[in-house]
Every structure is written in C-alpha cells, then in structure tokens.
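Taking this note's numbering as reference, the numbering of the sequence shown is continuous, increasing by one, and the terminal residue is 374.
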Amino acid sequence: MHSILVGHPALTIRTVQRQLAALLPQARPAGLGESTLEVAGQGMDAPRLISATVLEGGALRAHRVFGAPATQFRAFLDGTQRSQVASYIGHVPIVLGHAAAVVRERRNRRMHTWDAPVVESRVYCPRAVVGGTVWRSLQAEYGALLVDTSDGDAELTSHPFSLRDAAVHRAQAHREALEQQLAERWCRRERDPLFIDGGISGNEAVAVSSCTVGVVKSHLTLYVEGDGLRVVAELAQGHRSSVFRITSRKRTTVASWYLRLRDPAGHDPMWGLVRVEVAHPAPDAADRIGERADEVSRWILAEVAPLALPDARWDKMVYGVRDCEEFLRAIQ
C-alpha cells in the first residue's frame, strides 16, 4: 500500500527539488550526497535512568532462563524511516521523508510477506517559520502529503538544526504509526505470536494483546536505578532481569524485563542486551508473570541464529527483523 495522491508522481529527492525550484525561485537545493537526517542526528537524545516498579519479587535481580529455546514466533514486524533535506528556503530545511512497515511471516522455514507492506511519503516544513505565502504554495503542490512540523510544538526554535530535528521526529512518529497499524491488523486477524521490533505501549490494542511481544534494542532510556543498574549491566547470556512495570501518561502500561541474548565478554555492558515488552498481567495472573517472562524469553533466545550479519546491530537484532528491513529496502 503506497500513500501517494492520485496523479502525483512518486516522491524522490530529485523530484521534490525540481518541484520546489519551479514553485519557489528562492529554494536552494541540498547536496544529493548528504546523509539521511537519521544518520546525521544519531545520539541527539540524552540518556536517562528511570525507576520502575518491580512486579516479580522484591528487588530487581537476575534470573536464569531455564529450558530449551523454543521457536514460537510466526511472524516479525519492523518499520523503517528515511528523511533527507531536499531544499532550503533561506535557513529553513524542506525535508522529504519516507516511512514503511511490513510483517514477514515464517512458513516452512522461509519468509513471506503477510498481508501487504505499507509505504508512505511526506514533505515536512514548519509553517510558522516559512510564512503563509510559501506554505500555501507547498500546500497547493503536495496537499495531504505536506506536514507542518511547527504545529503543536511550542518549543520549536528557528535554529536550522532544531527545524531539522523536528522533521526527523515527525518522520519517526509516522513510521511508528505505520508499525502500529500493521500490528493492530495482526491482532484483529491472528492469534499466533508476533515479534515486534520496538515497544508495544504506543497502541492500546497492541499493548494488551497476548500475541504481541515487543523487543527494544535501544537503551538511551534504562528503567533501572541504583543496584538495579548493576544487575542489568552484569546479566549473563541467557539470563533476564526481574519483570517490572512501565507506565506513562501517554502510553499503555506494559510489563517489561531485560534479556541478554549473547555473551557480553569483551564488549560494553549493553552489548547483546534487549528489553522485552508484553501485556501487563491481569490481577489474577500477576503471580505468574515470571513464568510468562521465561516462556517469552525462550522464544526470543531461539531467534539468535542465524546471525543478522552484516548489520552492525547483529548482537541485538534477530534474523527475522533483518529480513523485514532488507525487504523494505528492496521495495523503496
């Protein structure tokens, strides 16, 4: 499913640059060889430690995952985003963003696309900064594909990097929305376990489903403090932390734990470490959350082979997720 308006050409950097040059003589094209904004802006968010309520026992501790790994995931879901400055109006970047998501289903040890992938493009621009005349010209050209990055952002400044980051955050939100759309569709139609690359708390229907498992690779935010941080940093391969609760005003409450996929010897403390999210247990199932964590951990540990090489994140990435990314790269 491609979200391109009827009669509107596929949006590429060259296409958008030509359109902007025709629309706005003052538009200055960006270099075609520039990196995507996702690469250029890596590490822009500050690391955080957040305390969380432990659901399993008292203090957070390490648990060995007993039992043989078990292949139970029927499918994998992942999304990608790619945003790049097309042109500048003065100091203001006009950004072209692409977002996509797919579910890849495992059948007879081969990967197939479940349902249909979703691929959408958007043009990002801060209306409050470029002014009404430029905005109306862009709106006439791009219509529903144009996104105002200044809408609802009271903290946005006119600094070019701030404007660029605002576009990246909107592209990220777009990708997450596509992922949630597919995950919700799976939950309506299927019952088998779905491995989701990333968290599940952003969509209530997905977050409360028994068939979804979110696996988070990024650890800029760690849900531990004090001795709990040491426990997580020192987790051995095949061990997990106690289960804890993650709550947020804007997201659905979920149960979560850390799991070490690979031997971290000789690497940094976050190497081979993922954080797992599943539906928060009902009150009558709270005493069985440890069993649930062990069960799901065995499913995830079964996916550590084959390796997701040559991806640089192979220590945390499973092959099914890499297959999703390779598929999306091929169709865009």
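All residues carry an ideal CB built from backbone N, CA and C; glycine is no exception.
No experiment lies behind these values; they were computed from the predicted model shown.
Distance between residue j and residue i (C-alpha atoms, nearest Å)
i, j, result
"L62", "E162", "20 Å"
"A64", "R70", "11 Å"
"S243", "E345", "23 Å"
"R169", "T191", "7 Å"
"V137", "R60", "14 Å"
"R152", "P306", "30 Å"
"G194", "R340", "43 Å"
"H216", "A225", "14 Å"
"L180", "R206", "17 Å"
"E76", "H140", "16 Å"
"R302", "H281", "6 Å"
"G185", "W177", "11 Å"
"A112", "A182", "54 Å"
"V134", "A328", "52 Å"
"V96", "R103", "10 Å"
"K376", "A196", "A query on residue 376 cannot be resolved here, the shown segment of the chain reaching from 43 to 374 and no further."
"G174", "L66", "13 Å"
"Q374", "A52", "10 Å"
"V107", "T57", "52 Å"
"A88", "H211", "15 Å"
"A110", "V165", "48 Å"
Start-to-end residues for the beta strand (DSSP E) that takes in residue i
i, result
"L119", "117 to 131"
"I238", "236 to 239"
"A143", "134 to 149"
"H281", "281 to 283"
"Y166", "152 to 167"
"D190", "188 to 190"
"L180", "Unbroken run through L180 is the alpha helix (DSSP H), 174 to 184; no beta strand (DSSP E)."
"R287", "286 to 288"
"V318", "315 to 321"
Residue i: first and last residue of the uninterrupted alpha helix (DSSP H) it sits in
i, result
"F108", "No alpha helix (DSSP H) contains F108, which DSSP labels as neither H nor E."
"A64", "55 to 65"
"G294", "As written in the sequence, residue 294 is Thr, which differs from the Gly given in the question. That residue, T294, is in no alpha helix (DSSP H); it is neither H nor E in DSSP."
"I331", "331 to 343"
"G308", "First-last for G308: undefined, no H or E at that position."
Classification of residue i by the beta-carbon crowding that lies within 10 angstroms, buried from 16 upward
i, result
"V81", "exposed"
"Q68", "exposed"
"T199", "exposed"
"A213", "buried"
"G132", "exposed"
"T289", "exposed"
"N245", "buried"
"E98", "buried"
"R291", "exposed"
Whether residue i touches residue j by CB criterion (8 Å)
i, j, result
"C253", "R231", "no"
"L370", "P202", "no"
"I55", "Y265", "no"
"D269", "W313", "no"
"C229", "V255", "no"
"L277", "L315", "yes"
"A275", "P235", "no"
"V127", "A208", "no"
"R90", "L343", "no"
"L188", "C167", "yes"
"R124", "T155", "no"
"A297", "I331", "yes"
Any chain D beta carbon closer than 8 Å to residue i
i, result
"V81", "In the structure shown, chain D cannot be found, because there is only a single protein chain."
Any non-hydrogen atom of the ligand FMN within 7 Å of residue i CB
i, result
"S200", "In the structure shown, the ligand FMN is absent, as is every other ligand, since no ligand is present at all."
- Validate contact between the stretch 105 to 123 and the stretch 238 to 249 using beta carbons, cut 8 Å, 3 pairs: yes
- Quick one: any contact between the stretch 269 to 281 and the stretch 321 to 332, if contact means 3 or more CB pairs under 8 Å? No: the two stretches stay apart, fewer than three of their Cβ pairs being nearer than 8 Å.
- Query: Do the stretch 282 to 290 and the stretch 330 to 345 meet, that is, are 3 or more Cβ pairs less than 8 Å apart?
  - Reply: yes
- Message: Quick test of the definition: if touching needs 3 or more C-beta pairs under 8 Å, does the stretch 133 to 147 touch the stretch 359 to 374?
- Response: yes
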